[in-house]
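Numbering (this note's numbering), first residue to last: 1301 to 1400.
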């Protein structure tokens, strides 16, 4: 393994409002944590939905600086746009099959 890799020990994602609910736990679904993820407490971070999140136009009229961005598109491309270009705190992605 390259020296930049890391080994996650635990991770959880919780919905805090309107009621506290576990979304996913690394122990149950290791694929939920993207390579290159980092430690952090996002409990007080706003969540912004940016559609696919892979193009600057997905962020028209959205303020994502310092916020967590929810996207349905490619995680790596959304990270480039949201985090590197627009200053978001991080990206969460979900799978959204066409027609559902």
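Cβ atoms here follow ideal geometry from the backbone N, Cα and C, with glycine treated the same way.
Suppose you measure from the CA of residue i to the CA of residue j; what does that come to, to the nearest Å?
i	j	result
residue 1312	residue 1365	23 Å
residue 1317	residue 1307	30 Å
residue 1361	residue 1370	15 Å
residue 1381	residue 1393	13 Å
residue 1357	residue 1351	10 Å
residue 1377	residue 1319	31 Å
residue 1398	residue 1379	22 Å
residue 1327	residue 1340	17 Å
residue 1368	residue 1343	10 Å
residue 1332	residue 1347	18 Å
For residue i, which residues in the same chain have their Cβ closer than 8 Å to its Cβ, ignoring the five residues on either side in sequence?
i	result
residue 1387	1364, 1365 and 1366
Per DSSP, what are the beta-bridge partners of residue i in this structure?
i	result
residue 1393	1371
residue 1348	1369
residue 1315	1321
Check residue i in the structure and name its three-state DSSP category.
i	result
residue 1333	coil
residue 1419	Residue 1419 lies beyond the range of the chain shown here (1301 to 1400); nothing can be said about it.
residue 1322	strand
residue 1362	coil
Give the single residue among the options whose Cα lies nearest to the Cα of residue i.
i	options	result
residue 1338	1314, 1309, 1347 and 1315	1309
Take residue i and list the residues in its own chain whose beta-carbon comes closer than 6 Å to its own, dropping the five residues that flank it on each side.
i	result
residue 1374	1354
For residue i, which residues in the same chain have their Cβ closer than 7 Å to its Cβ, ignoring the five residues on either side in sequence?
i	result
residue 1383	1390 and 1391
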